[in-house]
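Colleague:
Residue numbers (UniProt numbering): 1 to 257.
(1) Using beta-carbon positions only, say whether residue 151 and residue 142 come within less than 7 Å of one another.
(2) Taking contact to mean at least 3 C-beta pairs separated by less than 8 Å, is the stretch 157-173 in contact with the stretch 247-255?
(3) Is it the case that the stretch 215-229 contacts the stretch 197-204, given that we only count it when at least three CB pairs across the two stretches are under 8 Å?
(4) Distance check for residue 132 and residue 164, CA to CA, integer angstroms please.
(5) Where does residue 187 sit, in a helix, a strand or coil, going by DSSP?
(6) Quick one: what's got a C-beta closer than 6 Å to residue 116's C-beta in the same chain, skipping five residues either side?
(7) Once DSSP output is grouped into helix, strand and coil, what is the label at residue 161?
(8) Can you name the residues that DSSP bridges to residue 222?
(9) Between which two residues does the alpha helix (DSSP H) harbouring residue 55 extend?
(10) With C-beta atoms as the reference, is residue 146 less than 7 Å away from residue 190?
(11) I need the DSSP call for residue 214, collapsed to helix, strand or coil.
(12) Given a cut-off of 7 Å, decide if residue 101 and residue 129 are closer than it, judged by their beta-carbon atoms.
(13) Taking the DSSP output, what are the residues bridged to residue 106?
(14) Quick check on residue 238: buried or exposed, where buried means 16 or more other Cβ atoms within 10 Å of its Cβ?
(15) Could you tell me the boundaries of the alpha helix (DSSP H) in which residue 143 lies?
(16) Tell me the rounded alpha-carbon separation between residue 121 and residue 228.
Put into structure tokens, the structure is as follows:
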């Protein structure tokens, strides 16, 4: 975790965090460590056996988040919910991807934000696939759906649109630390809107050519067999297309491809 060691660094960290999510933030060198720390936030204070924190997960959440919760101190069972069934949201902590990599659709964040206001749960989003791509200023899915004020913790990645490594957790003032997470990439994402427009143009081209009704740059094609998925990935790479195959245990065998 990076912590500013000088006033100049602190100023840079402040500019970086305010540019993306208007929250303080921590930066991590790799994603799994970020997820472990993220899921330990609600568990601060070592809850008693009869006073555990209930964490509601999207059924399609990234596997690293599930691992993080299972390993977080004091947390027992992981409870999953199907994200389209938002009526199940009652209280405590709700965790969801903002943009799903396997099903390539967005979480109903506006509706979840309203439920947060009604029930008072802690709302956490994994914005990895929307970081610097979605939103007018590259502020992610929360900016795109204009629901930043309804989110308590947002985690993002630097290994995709930013072209770096690691990830960050942006959070409300309850946790007051500022860290540096790719200042240059954040400024570029905010000021050079043509980069996002270029990505979206390619999405529209793909949709027109294939007639697959995609809504974002995350495009999932399910083959249903691990080896066939790897063969397809290698074949496309020889043609000049870098298409990553997804394998168990990240997804079930029937969802491999």
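For every residue, glycine included, the Cβ atom is placed at its ideal position computed from N, Cα and C. For clarity, every value in this text was computed on a predicted model and none was experimentally measured.
Modeller: In brief:
(1) Sequence index remark: in the chain shown, residue 151 carries index 151 (1-based). Sequence index remark: in the chain shown, residue 142 carries index 142 (1-based). Yes, Cβ-Cβ distance for residue 151 and residue 142 is below 7 Å.
(2) no
(3) yes
(4) Within the chain shown, residue 164 is the residue found at index 164, counting from 1. Within the chain shown, residue 132 is the residue found at index 132, counting from 1. Approximately 12 Å between the Cα atoms of the pair.
(5) On the chain shown, position 187 is the one that residue 187 refers to. Residue 187: helix per DSSP, three-state reduction.
(6) Working through the chain shown from its first residue, we reach residue 116 at position 116. 123 and 150.
(7) Along the chain shown, read from residue 1 onward, the residue named residue 161 stands at position 161. Coil.
(8) The residue you call residue 222 lines up with position 222 of the chain shown. Per DSSP, none; premise fails for residue 222.
(9) By one-based count along the chain shown, residue 55 stands at place 55. First-last for residue 55: 55-58, but that is the beta strand (DSSP E), not the alpha helix (DSSP H).
(10) The residue given as residue 146 occupies position 146 in the chain shown. The residue given as residue 190 occupies position 190 in the chain shown. No, the Cβ-Cβ distance between residue 146 and residue 190 is not below 7 Å.
(11) Position 214 of the chain shown, counted from the start, is the residue given in the question as residue 214. Residue state, collapsed to three classes: coil.
(12) Position 129 of the chain shown, counted from the first residue, corresponds to residue 129. Position 101 of the chain shown, counted from the first residue, corresponds to residue 101. Going by C-beta atoms, residue 129 is nearer than 7 Å to residue 101.
(13) Numbered from 1 along the chain shown, position 106 holds the residue referred to as residue 106. Residue 106 is bridged by DSSP to 99.
(14) Reading the chain shown from its first residue, position 238 is the one you call residue 238. Exposed.
(15) Reading the chain shown from its first residue, position 143 is the one you call residue 143. Note, residue 143: alpha helix (DSSP H), 141-144.
(16) Residue mapping note: residue 121 aligns to position 121 of the chain shown, counting from 1. Residue mapping note: residue 228 aligns to position 228 of the chain shown, counting from 1. Taking the straight line joining both Cα atoms gives about 42 Å.
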